[in-house]
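Each residue of the sequence shown is one higher than the one before, counting from 1 in the working numbering.
No residue lacks a Cβ here, since even glycine has one placed at the ideal position from N, Cα and C.
Below: one structure, written as C-alpha cells.
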Amino acid sequence: MASEIHMPGPMCLIENINEQLMINQEALKILSAITQPVVVVAIVGLYRTGKSYLMNKLAGKKEGFSLGSTVQSHTKGIWMWCLPHPKMPNHTLVLLDTEGLGDVEKGDNENDSWIFALAILLSSTFVYNSIGTINQQAMDQLHYVTELSSRIRAKSSPDANPVKDSADFVSFFPDFVWTLRDFSLDLEANGQSITADEYLENSLKLKPDTNQKDKNFNLPRLCVRKFFPKKKCFTFYLPTEWTKLAQLKTLPDNELYPKFVQQVAEFCSYIFSHSEVKTLSGGIQVNGHRLASLVQTYVNAISSGDLPCMESAVLALAQTENSAAVQKAIAHYDQQMGQKVWLPTETLQELLDLHRASEREAVEVFMKNSFKDVDQKFQKELGTKLEKKLDDFCKENMQASSNRCSALLQDIFSPLEEEMKQGVYSKPGGYHLLLEKTQQLKEKYLQQPRKGIQAEEILQKYLTSKESVMDAILQTDQTLTEKEKEIEVERVKAESAAASAKMLEEMQKKNQQMMDQKEKSYQEHVQQLTEKMERDRAQLLEEQERTVALKLKEQAQLLKEGFEKESKRLQNEINSLQKKMKTPKKGCIIS
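Okay, here's the thing in C-alpha cells:
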C-alpha cells in the first residue's frame, strides 16, 4: 500500500482544545486505512527545542511539521505524518510530533503529562528532545517519566499492585532515544573519550539512597532505566550561527555547520535502520487500523477520567479485530465455495470434500487475522457459522438435484404419459409393452449426468405416482391370467418396498456422512487452534524471556554500580586508615 499513502503534509491527530484532548476523525480515517505494519516514531520535549526540525528531516522534507522562531509554542496536541518507510518495503513510517512541554502560557501541566504518556503508548521509538547537557535540571524536566505509574496501567485488574504493574511497562514500552541539542561539551570521562550512549549511561547512574535528596536525584534516572531497557543517545551541535536560526527551515545544508548536518544524518539513519514495527503483547504487529483503535481507546479513557490501560486497549482491539476476522473468514469461504461448487453435486461426499477444503482455508484466514481470542469465543462463532453454511449448501444441493431430476423426468417421460392418456397401452399385451418402455426410459434417465443426490428418490417418487395408472392397465390386459396379475402386483409392491428401503439406507448414509464431517471439522478446528496456541505460547515465552533478560540486565547493572560504589567507599576508608597509621602522633619519636 506504500503507493497509496499520500500525505503531502502532517495532520493533527489528537487536538488539544481548551485543555481537552480530542481525536481528529479525518486523521483517524487516514490512519485506519493503512493496512501495512507501522513503525511509529514519536518525539517529545520542552517547547522551542527543535523537535519539529528533526521530524521533518525524518520525513525527508524541508517543511511539514511547524517550526517556530519565537518563544511561543507552535505545535498543539499530537500531529501525525504517514509516509512510506524509506528502508522497509511494504511498511509505513508514522511520525508523531507533540506539543511542546512546559509552555508557560498553558499554566497547567496536566495535559503535558497526558501527551507524554500518549506518545509512549502509541510509539515504537520514543524520542526525548532537550537542550544542552544531561544535568540535574534536564533530569528534573523529565519528571513526566516519574508520573507514568500514576498515568498508565499495564493490567486491567482493579486490584493490580501499582509497583508490580509498572514493572510490566518494559514489555509494552518503546525504545528510548535522547537527543541533546546545542550540545557543546567534549564527550570525555576520566580523561578518556566516550560515546554519546556511554555519556547517557553515566548520567543515569544512581546515588546511594541515604537521604531524600538522593532519592529525588535517583527517581527519574531509575524510571528511565527501569521502563526503557533499550536506550540510545545523540548529541547535536548548534545548527548554524545564532542570527540564522530563525531561518533554519529554509537554509540549505551548505549553510549549516557540517558537524550538525552529519549528526542529523546519523540520527535519521539510526531511526530508519533500528526503529521496529509497533507491536503488542504477544508479538502482534500493529498496522494503521490497529493504531487508530489504540488512539481511540487511550484518548477515550483519558477523556472519561480513567487511566489508559494497555491490556484493556489490546483486548478492546482484539474484540474488533476478531469480529472482523470472522467476517473475513466467512467471505473467503463464500468465495471459495462459489468458485468450486457446481450444484447439484453427484454425491454428498463431493460437496463435503469441497466444504472441508474451503473451511480449512477459512479457519486459516481467521487464525491469521485474529489474536487474543479469549476462550475461543470467536473461533466457536466461526465454527457455528460454517456449520450453518454447510447445512444451507446441503439444502440447496438437494433442491438443485430435485429440480434437475424433475425436469429430466418431465422431458423423458412426457411422451409416455401422453401415450398412456391416449390409451396406447390399454390393449391385450399392453402392460408388458408399458413395462418395456418404462424400463428403457428409466435407463435413459439414469444415464443423464449431474442429476445429484436426489436422483433415485425423485425417480421412485415419480414411478410411485404412476402406479395407479399402470395398475389399471395391468387389470385391463386380457392376455394375463388373474394369477399372473396377482403375481405382478406383488412384484411391484416388493420392488417399491425395496426402493423405499434403499432410500432409507441412503438417507442414513447421508446422515452418517454429515456427522462424520462435523466430527472431522471439529477435530481440524482443534488441531488448527492447538497449532496457533503453540505458536502464540512460543512467541509469548520468547517475549517474556526477552523482558526478563532486559530486567535482569538492568538489575545486574544496578548491582554492579552498587558494588563499585561500595568498593570505592571501602577503599577510601582503607586509604584513610592507612594514612592515619602512617601519620606519627605528637610527642612520639620514630626511630
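Under the assumption that residue i contacts residue j (Cβ atoms under 8 angstroms), give the Cβ distance between them as a whole number of angstroms.
i: C223; j: V145; result: 5 angstroms
i: L31; j: A400; result: Not a contact, Cβ separation roughly 46 angstroms.
i: L294; j: A313; result: 5 angstroms
i: Q379; j: F366; result: 7 angstroms
i: A42; j: T98; result: 7 angstroms
i: F234; j: A196; result: 6 angstroms
i: N16; j: K76; result: 5 angstroms
Give the straight-line distance between the Cα atoms of residue i and residue j, rounded to the nearest whole angstrom.
i: A316; j: V261; result: 44 angstroms
i: V94; j: S113; result: 22 angstroms
i: I23; j: L13; result: 6 angstroms
i: Y425; j: L433; result: 7 angstroms
i: K395; j: A331; result: 20 angstroms
i: L21; j: L187; result: 40 angstroms
i: T240; j: E266; result: 18 angstroms
i: Q523; j: Y333; result: 18 angstroms
i: E387; j: K437; result: 44 angstroms
i: L58; j: F183; result: 20 angstroms
i: A318; j: S281; result: 12 angstroms
i: A329; j: Q335; result: 10 angstroms
i: N322; j: E364; result: 13 angstroms
i: R151; j: K226; result: 16 angstroms
i: Q517; j: A357; result: 12 angstroms
i: D471; j: I487; result: 12 angstroms
i: L352; j: N397; result: 11 angstroms
i: Q508; j: E418; result: 37 angstroms
i: A556; j: Q136; result: 24 angstroms
i: S567; j: I574; result: 10 angstroms
i: M7; j: L83; result: 7 angstroms
i: S500; j: T479; result: 30 angstroms
i: E467; j: K493; result: 10 angstroms
i: T250; j: E381; result: 58 angstroms
i: V163; j: R153; result: Reliability of the predicted coordinates at V163 is poor, the pLDDT of 47 falling under 50, and the value obtained from them is presented with this limitation in mind. Between V163 and R153, the C-alpha separation is close to 10 angstroms.
i: S275; j: Q247; result: 30 angstroms
i: N111; j: N18; result: 10 angstroms
i: F116; j: S149; result: 13 angstroms
i: S273; j: N216; result: 36 angstroms
i: E198; j: E534; result: 40 angstroms
For residue i, is the classification buried or exposed, using 16 other Cβ atoms within 10 angstroms of its Cβ as the cut-off for buried?
i: A119; result: buried
i: E505; result: exposed
i: L185; result: exposed
i: T345; result: buried
i: P308; result: buried
i: G191; result: exposed
i: P174; result: buried
i: W79; result: buried
i: H355; result: buried
i: L446; result: exposed
i: V71; result: With a pLDDT of only 37 at V71, under 50, the local geometry of the prediction cannot be trusted, and no value is derived from it.
i: Q454; result: buried
i: F413; result: buried
i: F563; result: exposed
i: Q571; result: exposed
i: R569; result: exposed
i: G100; result: buried
Find out if the Cβ-Cβ distance for the pair residue i, residue j is shorter than 9 angstroms.
i: L409; j: L459; result: yes
i: S130; j: L200; result: no
i: C405; j: G452; result: yes
i: W81; j: P10; result: yes
i: Y128; j: V44; result: yes
i: L28; j: Q296; result: yes
i: Q512; j: Q349; result: no
i: F228; j: F126; result: yes
i: L416; j: L441; result: yes
i: P86; j: G60; result: yes
i: W342; j: R450; result: yes
i: K259; j: W178; result: no
i: V277; j: S124; result: yes
i: G288; j: I34; result: yes
i: L96; j: L122; result: yes
i: P220; j: D214; result: no
i: A359; j: S156; result: Per the sequence shown, residue 359 should be read as Glu rather than Ala. No; because the gap between Cβ atoms is not below 9 angstroms, this pair is not in contact.
i: M503; j: E443; result: no
Can a CB atom of chain C be found closer than 9 angstroms to the CB of residue i?
i: E26; result: The chain inventory of the structure shown lacks chain C, comprising one protein chain alone.
Measuring from the CB of residue i, is there a heavy atom of the ligand COA at a distance below 8 angstroms?
i: K437; result: Of the ligands one can find in the structure shown there are none, so the ligand COA has no counterpart to examine.
Subject >> Any beta strand (DSSP E) of 3 or more consecutive residues that is wholly inside the segment 223 to 258 >> reply: Annotation: the segment 223 to 258 contains the following complete segments of the beta strand (DSSP E) (minimum length 3 residues), in chain order: 231 to 235.
**OP:** For the segment 392 to 450, list the beta strand (DSSP E) runs that are entirely contained and at least 3 residues long, ordered along the chain.
**Re:** As far as the segment 392 to 450 is concerned, it has no whole beta strand (DSSP E) run of at least 3 residues.
Subject >> Completely contained beta strand (DSSP E) runs for the segment 458 to 504, where each covers 3 or more residues >> reply: Within the segment 458 to 504, there are no complete beta strand (DSSP E) runs of at least 3 residues.
Original post:
Which ranges would you report for the alpha helix (DSSP H) in the segment 25 to 69 if only whole runs of at least 4 residues count?
Top reply: Unbroken alpha helix (DSSP H) stretches of 4 residues or longer found wholly inside the segment 25 to 69: 25 to 32, 51 to 59, given in chain order.
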